[in-house]
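Numbering (my numbering), first residue to last: 4 to 231. Everything on this sheet refers to the single structure shown next.
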């Protein structure tokens, strides 16, 4: 489903879609697994979501990406999520990306996947925003990470934009999600939307297209674009 409108309206709609889907999953499952990426617009949706009456004690949240730079100039995705949800999730329900005692990020990525496996191994819901180049999470166009073909959390240190060192869910992990919400806000996203609707481009060239592989996805944009 593709919805166009003003930003405030779309933030409300995104929150509503996530809330309704979470309620449906909670009616048939003991635990609901939500994956979220970073970004200001994702934070806006999470703030809205935190105001809604949901089975918060059954919602587990995982990060679809994390910034691994040592610089304090970049707030981590875990910090963004914690601030946005304002304590609505119970302790331990926000699964921050782990770093082992010896700082081995590869081991941390393996451990993170194992945490997800204990909860079923896939996401019920994912919330991502679209970058200017069509990237989602930290999967960038024509980057080696987008071409990795297995379910995994990946570590790399050559992102096309800072911070260079990142963790991201793989494309295969994202495509196994059931329901997704994709946000594309702002004039700078017009080129990405053009790529998204270009049937000749692949997911490698426009990672946002991964959302079309889900059982259900919602694209919300404040841009007036031609929809095929």
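Cβ coordinates follow ideal geometry from the N, Cα and C atoms, glycine included. Predicted model, so just to flag it, every value in this text is computed and none were measured.
Residue i, buried or exposed, once every other Cβ within 10 Å from all chains shown has been counted against 16
i           : result
residue 212 : buried
residue 148 : buried
residue 214 : buried
residue 90  : exposed
residue 45  : buried
residue 203 : exposed
residue 152 : exposed
residue 109 : exposed
residue 225 : buried
residue 167 : exposed
Straight-line gap, residue i to residue j (C-alpha atoms, nearest Å)
i           : j           : result
residue 84  : residue 64  : 9 Å
residue 104 : residue 143 : For residue 104, the pLDDT reaches just 45, beneath the cut-off of 50, and the residue's location in the model is therefore unreliable, although a value from the coordinates is still provided. Rounded to whole angstroms, residue 104 to residue 143 spans 29 Å at the Cα level.
residue 53  : residue 22  : 10 Å
residue 99  : residue 13  : 27 Å
residue 210 : residue 197 : 13 Å
residue 186 : residue 114 : 29 Å
residue 191 : residue 135 : 6 Å
residue 7   : residue 132 : 15 Å
residue 5   : residue 72  : 35 Å
residue 227 : residue 208 : 22 Å
residue 163 : residue 176 : 21 Å
residue 15  : residue 145 : 33 Å
residue 184 : residue 41  : 13 Å
residue 10  : residue 19  : 14 Å
For residue j and residue i, believed in contact at Cβ under 8 Å, the rounded distance
i           : j           : result
residue 155 : residue 173 : 5 Å
residue 157 : residue 39  : At roughly 17 Å, the Cβ-Cβ gap does not stay under 8 Å, so residue 157 and residue 39 are not in contact.
residue 230 : residue 200 : 7 Å
residue 96  : residue 169 : Residue 96 to residue 169, Cβ: 23 Å. No contact.
residue 37  : residue 126 : 7 Å
residue 80  : residue 92  : Not confirmed; about 14 Å, so no contact.
residue 24  : residue 182 : 5 Å
residue 17  : residue 48  : 5 Å
residue 178 : residue 119 : With a Cβ gap of about 15 Å, residue 178 and residue 119 do not count as contacting.
residue 87  : residue 35  : The Cβ separation is near 17 Å, so there is no contact.
residue 124 : residue 195 : Going by Cβ atoms, the distance from residue 124 to residue 195 rounds to 30 Å, so no, they are not a contact pair.
Residue i - partner residues in DSSP beta bridges
i           : result
residue 70  : 169
residue 37  : 64, 128
residue 224 : 7, 187
residue 54  : Paired residues: none, contrary to the question.
residue 139 : 142
residue 110 : In DSSP, residue 110 forms no bridge with anything.
residue 98  : 65
residue 219 : 182
**Report entry** alpha helix (DSSP H) runs contained entirely in the stretch 148–206, provided each spans 4 or more residues
**Finding:** List check, alpha helix (DSSP H) in window: 174–178, 193–200.
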